[in-house]
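Structure first, commentary second.
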Amino acid sequence: MRGCGTLCFFVVLGLVLVHGVNGEDPYRFFTWKVTYGDIYPLGVKQQGILINGQFPGPQIDSVTNDNLIISVYNYLNEPFLISWNGLQQRRNSWQDGVSGTNCPIPPGKNFTYMLQVKDQIGTFFYFPSLAFHKAAGAFGSIRIWSRPRIPVPFPPPAGDYVVLAGDWFKRNHYDLKGILDSGYNLPFPDGLLINGRGWNWIHFHRRTYRFRISNVGLTTSINFRIQGHHMKLVEVEGSHTLQSTYSSLDVHLGQSYSVLVTADQPAQDYYIVVSSRFTSPVLTTTAILHYSNSARGVFGPPPGGPTTQIDWSLNQARSIRWNLTASGPRPNPQGSYHYGMIQTSRTITLANSAPVINGKQRYAVNSVSFVSPVTPLKLADYFKIPGVFYLGSISSSPTWGGGYLQTSVMNADFRSFVEIVFQNWEDTVQSWHIDGYSFFVVGMDGGQWTPASRSRYNLRDTVARCTTQVYPKSWTAIYMALDNVGMWNIRSENWARQYLGQQFYLRVYSPANSWRDEYPIPKNALLCGWASGRHTRPL
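Count the sequence shown with mature numbering (1 follows the signal peptide of the UniProt record, and there is no 0) and you get residues -23 to -1, 1 to 516, in order.
Next up, the structure:
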């Protein structure tokens, strides 16, 4: 936490007046300086993007309902944005940090994000959302702790470790972006990283520890395991789970899990292993779990991952269940929200595809490959600027036609309850994220989804999360309460696909125009494109 004198007092005062934030909730202040710097994640010198000189970036620790005031200073020679993977930003898509909601932070300028982790707990991460900056760093972990006196369904662990893992390329982000801009696919990744390095060292005593695992990679699902130890799953993206035990865990792009690991084995060193899933060849990297009284190093080869492919992973995904009796961010049990008893008002079916458009490789949703406008959609909507987008520019069901370029926005009504089906006819695992929301993954299976597929839904205790996978030639269905007004990004978490158009925006609209539904535009909002020169609403 950082104090910053009179200036921060006025920032906080403005936040309270404009956003109506509960003054009893604490404020946490962060100042981030974004710079280029040399990094050596795979033993090769690269130009990375650092935050306060760190790769990965600084860790954010907060408690449910805390207000986060994050001042980001851009010392790069290009525009920059930070987004928050999993933070719901209730009534506040102005702070989402993606190109559809925010103007980039220009070189040499700064922007202060004003976030509240309202009614949230759990494990998330932040990342750079513009261009292909995610391939250069500037990502980091977010831990939201439960408030005092809200019971947590497991004893306090002896330690809490963050594992930011994912694939990595030796080429810099400019070169990778150039490959995509030229209409080609990315090459195969050069390796995997754990917390920005190819190896790590973690010290254990004979106690139980929490590992928070996030897949921050660009293109590849991973498997996580610890030699000789089992993992007890306790949390998935803000939801306490039934505490099932696993020997290894698949973590798909953009996903986050918390597991408990007990140091109950003979005192020696053990491998912590991360390997790629559904790839040939299989990439592997390791860290070392070191017992405090160990007199012996690691023994034998690192343990192998799952030998079976899709069926094993699908069965594991189905085994993850909501803990109905545990309190979430509030003292009432998670199971008090009976999502399975609510009638859906609409079914949205989203099919991914990989069309070639104008001679270049693109990726699409329902045949539309998204093109980012010069003016952010949120600003165009607020200022009623014509010509930036139009509602209905993407169908709510597959068209099965050829791919085309469009700034795609789908309309949705505030407080409706919808069913979304992700249909994947490709041969690769897809991963999808929805900003601003947590949703219930009610079903997943092979083949084509039909209304009869609903008979296999889990309408009792499926987990609520913000990112879900869709297996090859398969479908995944979710239920989601549209209780958060705003312009929200729905995207592929495969960053090459996202960059080349596999995303769109969901405009959740309320005609009331009330601060109880959505906060007004921040006074410090950056204005660009056709919104340049306009004025934000005065305090």
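From the three backbone atoms N, C-alpha and C, an ideal C-beta is built for every residue, glycine too.
Does the stretch 16 to 27 touch the stretch 169 to 178, meaning 3 or more C-beta pairs lie closer than 8 Å?
yes
Does the distance from the C-beta atom of Q65 to that of N461 stay below 8 Å?
yes
Let me confirm a value: V348 is counted as buried when at least 16 other C-beta atoms fall within 10 Å, else exposed. Which label applies?
exposed
Tell me where the beta strand (DSSP E) around G117 begins and ends.
117 to 122
If you draw a straight line from the alpha carbon of K111 to that of Y268, how long is it in whole angstroms?
34 Å
Report the option in L436, W452, P133, P33 whose CA atom is closest to the CA atom of R298.
L436
Do V140 and I121 count as a contact pair if the criterion is CB distance below 8 Å?
no
Taking the alpha helix (DSSP H) that S106 belongs to, which residues open and close that run?
Where S106 is concerned, there is no enclosing alpha helix (DSSP H), given that its DSSP letter is neither H nor E.
Check the C-beta distance from S296 over to S408 and give it rounded, since I have them as a contact under 8 Å.
Their Cβ separation, rounded to whole angstroms, is 19 Å, which puts S296 and S408 out of contact at 8 Å.
Spatial neighbours of I265 within its chain, please: CB distance less than 6 Å, with the 5 preceding and 5 following residues excluded, ordered by chain position.
W178, D246
Counting along the chain, where does the alpha helix (DSSP H) carrying D358 start and finish?
354 to 360
The beta strand (DSSP E) spanning N401 covers which residue range?
394 to 401
From the DSSP output, which residues share a beta bridge with W465?
L483
From which residue to which residue does the beta strand (DSSP E) around W452 run?
451 to 458
With the cut-off set at 8 Å, would you say D422 and R433 are in Cβ contact?
yes
Residue range of the beta strand (DSSP E) that N292 falls in?
Run containing N292: none in the beta strand (DSSP E); it sits in the alpha helix (DSSP H), 287 to 296.
Please list the segments of the beta strand (DSSP E) lying wholly inside the stretch 138 to 198, counting only runs of 3 or more residues, in order along the chain.
168 to 171, 178 to 181, 185 to 192
So, helix, strand or coil for Y247, using DSSP?
strand
Just verifying my parser: in three-state terms, what is the DSSP assignment at G506?
helix
State the beta-bridge partners of L210 as determined by DSSP.
V236
Endpoints, the beta strand (DSSP E) within which W472 is located:
Note, W472: premise wrong, no beta strand (DSSP E); alpha helix (DSSP H) at 472 to 476.
For S48, write down the residues that DSSP places opposite it in a beta bridge.
T8, T89
Could you tell me the alpha carbon to alpha carbon distance between T352 and A303, rounded to whole angstroms?
44 Å
In the DSSP output, what is P56 paired with across the bridge?
DSSP, once it has assigned bridges, lists no residue as partnering P56.
Could you tell me which residues DSSP pairs with V447 in its beta bridges?
Q407
Assuming contact is defined by CB atoms lying nearer than 8 Å, are Q232 and Y340 in contact in what I supplied?
no
Taking a contact to mean a Cβ-Cβ separation below 8 Å, would you say V406 touches Y448 in this structure?
yes
Have a look at P278, N29, G175, I119 and flag the residue whose alpha-carbon is nearest the alpha-carbon of V40.
I119
Is the beta carbon of V75 less than 8 Å from the beta carbon of V49?
no
Cα-Cα separation, T31 to G25
Residue identity differs from the one stated: residue 31 is Gln in this sequence, not Thr. About 10 Å.
What first and last residue would you give for the beta strand (DSSP E) that runs through R64?
The question names Arg, yet the displayed sequence has Leu at residue 64. Premise fails: L64 is in no beta strand (DSSP E) and is neither H nor E.
State the CB to CB distance for the pair Y234 and I190, rounded to an integer number of angstroms; the pair is presumed to be in contact (CB under 8 Å).
5 Å
Mark W465 as exposed unless 16 or more other C-beta atoms lie within 10 angstroms of its C-beta, in which case mark it buried.
buried
Could you tell me whether the Cβ atoms of S415 and R442 are closer together than 8 Å?
yes
Would D227 and S290 be called neighbours here (beta carbons separated by less than 8 Å)?
yes
Would Q425 be called buried (16 or more neighbouring beta carbons within 10 Å of its own) or exposed?
exposed
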